[in-house]
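Protein chains in written order, with our numbering: chain A, 1 to 381; chain B, 382 to 726.
Data block below; observations after.
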Amino acid sequence: MKLKSLLAALFSIAAVSAAQADINVGVVLSATGPAASLGIPEKNTFALMPTTVAGQKINYIVLDDASDTTTAVKNTRKLISEDKVDVIIGSTITPNSLAMIDVVAEAETPMISMAASARIVDPMDAKRAWVFKTPQNDVQMSTAIVEHMTNGNVKTVGFIGFSDAYGEGWWQEFSKIAELRKIKVVASERYNRTDTSVTGQVLKLMSANPDAILIAGSGTPAALPQKTLKEKGYKGKIYQTHGVANNDFLRVGGKDVEGTLLPAGPVLVAAQLPDSNPIKKVALDYISKYEAAYGAGSVSTFGAHAWDAGLLLQNAIPAALKKAQPGTKEFRKALRDALEGTKDVIGAHGVFTMSPMDHLGLDQRARVMVRIENGKWVLQK
Amino acid sequence: MDLQIALLLGQDGVVNGAIYALLALALVLVFAVTRVIFIPQGEFVAYGALTLVSVQAGKVPGTLWLLLGAGLVVAAIDIALALRVGNRRRLPAIVGWNLVLPGAVAGALYGLDLAQLPMALQVVLALAVVVPLGPMVYRLAYQPLAEASVLVLLIISVAVHFALVGLGLFFFGAEGSRTPAFSDASFQLGTLNVNGQTLWVLGASFALIVALYAFFGRTLYGKALRATAINRVGARLMGISTTLAGKLSFALAALIGAFSGILIAPITTVYYDTGFLVGLKGFVGAIIGGLVSYPLAAAGALLVGLLESFSSFWASAFKEVIVFTLIIPVLLWRSLTSHHVEEEE
């Protein structure tokens with residue numbers, strides 16, 4: 001008996017001394033440039049993540065890609081070749097994440113993206129086998145909006161979105177689903193994040209007289225069409241996307257965004273979730289950690305995508321450690337397999353269960369409908 | 382499209398055009414006097430608006446630190462230079478403009494209950510923080526290379542632009558802000574609903590243009606600027622300091638920029654990087670004026686505003702393409718009608 005425990009102790013010492021290499025996590029995010037309002041809370045979130053998992057020290061190496069695709073790719077190459085990272089988390093936005101896929105697949109390094117588009121993990125192929133993501137797909141969110149519209153007896157819809165990948169992605173998903181559900185899209189307009197006026201587009205939308213208008217923008221720039229709509233006297237329902245789910249949108253929008261409907265990750269209204277919902281605890285834990293560090297009311301849903309990426313990683317690392325040492329090709333492979341085997345990991349945005357064909361793994365629990373009432377996000381049952 | 386929509390679009394276009402016109406005038410002014418294509422013009426728009434936002438929120442704006450820091454550096458350099466040539470008489474002016482003035486602004490910002498001040502005072506305070514940055518930027522970035530070629534000055538402009546945008550992100554954060562309108566009044570003009578802020582923008586732009594006209598036509602400093610613009614060497618021989626002319630034109634450009642920012646902040650959400658695109662559209666207007674003619678630049682800027690407004694109605698996805706494509710026929714026309722003058726190096 002004594003001998004056995006001694007042997008076990010010796011083995012564990014051997015294991016520890018052999019496992020001296022730290023786990024290096026390379027992070028690429030957009031802390032400056034147009035996507036800064038998404039990237040900054042993500043960056044803040046990495047500072048809150050545990051620095052040891054399963055007794056193994058973890059180093060987070062965070063690089064900013066300035067919302068620029070070329071820089072994102074350059075940073076990814078640097079992290080892989082110079083810092084010898086075991087896994088990449090990033091980037092914040094879809095174009096950057098798509099461009100990074102080739103690089104991580106070539107270096108056989110797993111990557112967890114924090115960007116929204118379904119194209120990052122779909123269609124699944126040999127390259128995307130290395131890629132995972134945490135935010136909900138646009139299609140999940142579009143379905144939620146269209147469902148809400150049909151229930152609310154909306155027959156005609158006007159669409160106005162960013163003239164970039166975000167707006168186009170929404171337009172494709174939304175117009176497809178709306179057509180299936182017999183909702184007529186009567187006008188489709190575009191505007192730029194940096195526009196100072198959208199009067200032309202809004203007048204055109206209003207001349208089509210739709211029952212509801214969907215604004216596909218992210219962050220505070222999405223408030224501009226809505227303010228103009230109110231100013232010009234639009235009376236119908238206004239839907240926004242989950243891209244606006246931060247407090248700055250409420251601040252800038254003021255009373256003009258009252259009554260807005262939007263789909264969002266449950267973390268946005270964590271305190272209002274029923275106690276039976278497993279996500280509530282994780283989401284509240286994240287919120288309290290974030291606000292303790294950065295001040296009350298500072299939390300946003302975007303940072304929670306980074307938190308979820310961290311949770312997936314913390315879940316996968318112990319399994320991968322059993323198979324190989326950090327810093328090796330085998331470890332990266334094991335980590336990828338462990339990520340793919342993710343089962344019932346509860347994050348702040350939903351419950352992740354992955355499979356070889358599904359590298360997102362979120363289900364319907366990952367989205368709720370929210371209404372803005374008295375300057376607050378209110379969960380719609 | 383009916384008349385009502387056309388009128389609304391026209392109104393929107395004129396309001397935006399008025400802002401572009403102001404920036405176009407500032408760009409023409411700076412280029413004429415210093416040969417600098419002033420890309421950072423737009424940053425002063427954002428700085429002006431966001432500094433006012435901070436003041437109204439009762440917070441000390443981050444731009445104050447930039448002002449104090451830049452003032453300190455300028456003072457250190459100028460005092461060292463003045464002492465080396467033994468010119469002690471310049472010291473009071475250097476200390477006054479670069480240390481005492483920013484210090485006084487800082488004192489006012491810390492001493493007063495910012496959020497409770499009347500709006501006019503808040504605007505004055507915001508301008509007092511941002512406008513002195515203009516001459517300081519000139520002193521630090523452009524003056525040492527004032528005789529360099531237009532291309533070198535343009536490259537400096539790009540560098541200054543990136544530095545100021547980065548600082549803007551640091552001071553104000555990534556999210557945008559708005560300020561309350563100057564007045565909530567709105568008027569019914571036939572079928573057209575005109576709100577007070579629109580009139581404010583148009584009135585203030587017009588007043589500023591008239592003031593500039595009077596400044597250049599009636600005052601000694603204005604005439605000195607014009608003389609420098611027409612012939613640098615000649616002006617210098619007549620005892621006009623080109624350095625002073627440069628600083629003065631940058632101060633005016635900063636004033637126009639910051640004031641434009643304060644005018645548009647109630648109409649639209651202003652971000653740390655909003656200024657660049659607004660400035661670029663002013664630049665298109667200035668190009669239409671060939672970077673020399675004030676009236677043509679203002680007319681060009683109005684055209685940009687109207688074109689933008691109507692194209693956003695007809696083809697919103699291609700709005701920017703249409704606006705910036707305007708520059709091509711204009712350049713063609715200009716290169717055909719004016720004969721090319723080799724730049725003296």
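Ideal placement from N, C-alpha and C gives every residue a C-beta, glycine not left out.
For residue i, the nearest candidate out of the options (CA to CA)
i	options	result
B:L712	B:F664, B:S692 and B:A679	B:F664
B:Q524	B:E689, B:R715, B:S674 and B:V455	B:V455
B:Q385	A:D211, A:T328 and A:M206	A:M206
A:H242	A:D138, A:A72 and A:A212	A:D138
B:L404	B:L482, B:A595, B:T623 and B:I590	B:I590
A:L48	A:T150, A:S288 and A:K280	A:S288
A:A66	A:K74, A:Y60 and A:L79	A:K74
B:L707	B:K662, B:A387, B:L550 and B:N479	B:K662
B:W478	B:A438, B:T623 and B:R520	B:R520
B:S641	B:L583, B:I669 and B:A489	B:L583
A:L362	A:A99, A:A116 and A:D68	A:A116
A:E42	A:S91, A:P356 and A:L273	A:S91
B:L388	A:K237, A:M357, A:L203 and A:F249	A:L203
B:P729	B:V409, B:V510, B:D565 and B:A610	The structure shown does not extend to residue 729 of chain B, since chain B spans only 382 to 726, so no value can be given for it.
A:R77	A:Y60, A:N209, A:A107 and A:V351	A:A107
CB contact check: residue i to chain B, cutoff 9 Å
i	result
A:I93	no
A:A15	With a pLDDT of only 46 at A:A15, under 50, the local geometry of the prediction cannot be trusted, and no value is derived from it.
A:K235	no
A:Y290	no
A:Y286	no
A:L203	yes
A:Y294	no
A:I61	no
Residue burial classification, residue i (beta-carbon count within 10 angstroms, cutoff 16)
i	result
B:D393	buried
A:E340	buried
A:I13	Its pLDDT being 48, under 50, A:I13 is placed unreliably in this model, and the coordinates cannot settle the point.
B:T718	exposed
B:Y733	Nothing can be reported for residue 733 of chain B: it is not among the residues displayed for chain B, which extend from 382 to 726.
A:M1	Since pLDDT at A:M1 reaches only 46, below the 50 mark, its modelled position is unreliable, and the value read off the structure follows with that caveat. Answer is exposed; the Cβ neighbour count stays below 16.
A:R181	exposed
A:Q364	exposed
B:L506	buried
B:P499	exposed
A:A18	Its pLDDT being 44, under 50, A:A18 is placed unreliably by the model, and nothing is read from it.
CB contact below 9 Å: residue i versus chain E
i	result
B:D654	Annotation note: the requested chain E is absent from the structure, which comprises protein chains A and B.
Residue i at chain A interface by Cβ criterion, 9 Å
i	result
B:F597	no
B:S697	yes
B:E689	yes
B:V582	no
B:G577	no
B:G515	no
B:S564	no
Name, going along the chain, the residues of the stretch 386-398 of chain B whose beta-carbon falls closer than 9 Å to a beta-carbon of chain A. I386, L389, L390, Q392, D393, G394, V396 and N397
Which residues of the stretch 540-555 of chain B have a Cβ closer than 7 Å to any Cβ of chain A? Give them in chain order. L550 and A555
Three-pair Cβ contact test at 8 Å for the stretch 451-469 of chain B versus the stretch 564-576 of chain B: no
Decide yes or no for the touch test of the stretch 208-224 of chain A against the stretch 156-167 of chain A: beta carbon pairs closer than 8 Å, at least 3 of them. yes
Answer yes if the stretch 83-103 of chain A comes into contact with the stretch 332-347 of chain A, meaning at least three C-beta pairs across the two stretches below 8 Å, and no otherwise. With the cut-off at 8 Å, the stretch 332-347 of chain A and the stretch 83-103 of chain A touch.
Could you tell me whether the stretch 264-275 of chain A touches the stretch 352-372 of chain A, using the rule of 3 or more Cβ pairs below 8 Å? yes
Is it the case that the stretch 530-550 of chain B contacts the stretch 408-422 of chain B, given that we only count it when at least three CB pairs across the two stretches are under 8 Å? yes
Using 8 Å as the threshold, is the stretch 470-486 of chain B in touch with the stretch 596-614 of chain B, meaning 3 or more CB pairs across them? no
Pair every Cβ in the stretch 424-443 of chain B with every Cβ in the stretch 545-558 of chain B, then say whether three or more of these pairs are closer than 8 Å. Flag = yes, the stretch 424-443 of chain B and the stretch 545-558 of chain B touch.
Name, going along the chain, the residues of the stretch 244-269 of chain A whose beta-carbon falls closer than 7 Å to a beta-carbon of chain B. The residues in question are D248 and V252.
Counting pairs of Cβ atoms below 8 Å between the stretch 423-431 of chain B and the stretch 666-685 of chain B, do you hit three or more? No, because fewer than three Cβ pairs between the stretch 423-431 of chain B and the stretch 666-685 of chain B fall closer than 8 Å, the two stretches do not touch.
Just checking, does the stretch 249-256 of chain A make contact with the stretch 195-202 of chain A on the three C-beta pairs under 8 Å criterion? no
May I ask you to list, following chain order, the residues of the stretch 148-165 of chain A that have a beta carbon less than 7 Å from some beta carbon of chain B? Taking 7 Å as the Cβ-Cβ cut-off, the stretch 148-165 of chain A approaches chain B at S163, given in chain order.
Give the residues from the stretch 629-649 of chain B that approach chain A closer than 8 Å (Cβ to any Cβ), ordered along the chain. I645, I648 and T649
Can we say the stretch 295-305 of chain A touches the stretch 324-333 of chain A, given the rule of at least three CB pairs closer than 8 Å? no
Any contact between the stretch 53-65 of chain A and the stretch 309-318 of chain A? By contact I mean 3 or more CB pairs, one from each, below 8 Å. yes
Per the contact definition of three or more C-beta pairs closer than 8 Å, is the stretch 164-174 of chain A in contact with the stretch 665-672 of chain B? no
Contact the stretch 486-504 of chain B vs the stretch 620-637 of chain B: 3+ CB pairs below 8 Å: no
Where the stretch 209-227 of chain A meets chain B: residues whose CB sits under 9 Å from a CB there: Per Cβ criterion, the list reads G219, T220, P221, A223, L224 and K227.
Which residues, in chain order, does the stretch 460-486 of chain B contribute to contact with chain A at a C-beta distance below 8 Å? none
Quick one, which residues of the stretch 402-428 of chain B are near chain A if we go by CB-CB under 9 Å, in chain order? none
Can you find at least 3 beta carbon pairs, one from the stretch 643-660 of chain B and one from the stretch 343-353 of chain A, that sit closer than 8 Å? no
Contact between the stretch 26-42 of chain A and the stretch 554-565 of chain B: three or more CB pairs below 8 Å? yes
Along the stretch 35-47 of chain A, where does the CB come closer than 9 Å to a CB of chain B? Name the residues. A35, A36, S37, L38, G39 and I40
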